[in-house]
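Residue numbers (this note's numbering): 1086 to 1158.
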């Protein structure tokens, strides 16, 4: 699907939605950061530590989106 968007998957609906939303946002941030020069990427250990604690943020965002949707409906 090169050049035709992206496919996002997750083990649960909240994880898939979170990845879809933040993939777009992170791509924009990365594009802007790269225009400033070289980036310092995370090490493998830093990525693992961030991934291990990320699930809390997934469900926090999911709950906020659900409440926002309920307020509109």
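The C-beta atom is built at its ideal place from N, Cα and C for all residues, glycine as well.
Backbone secondary structure at residue i - three-state DSSP
| i | result |
| --- | --- |
| residue 1129 | helix |
| residue 1140 | helix |
| residue 1121 | coil |
| residue 1116 | helix |
| residue 1087 | coil |
| residue 1097 | coil |
| residue 1157 | helix |
Nearest to residue i (by Cα), restricted to the options the options
| i | options | result |
| --- | --- | --- |
| residue 1149 | 1102, 1088, 1114, 1112 | 1102 |
| residue 1100 | 1153, 1147, 1154 | 1147 |
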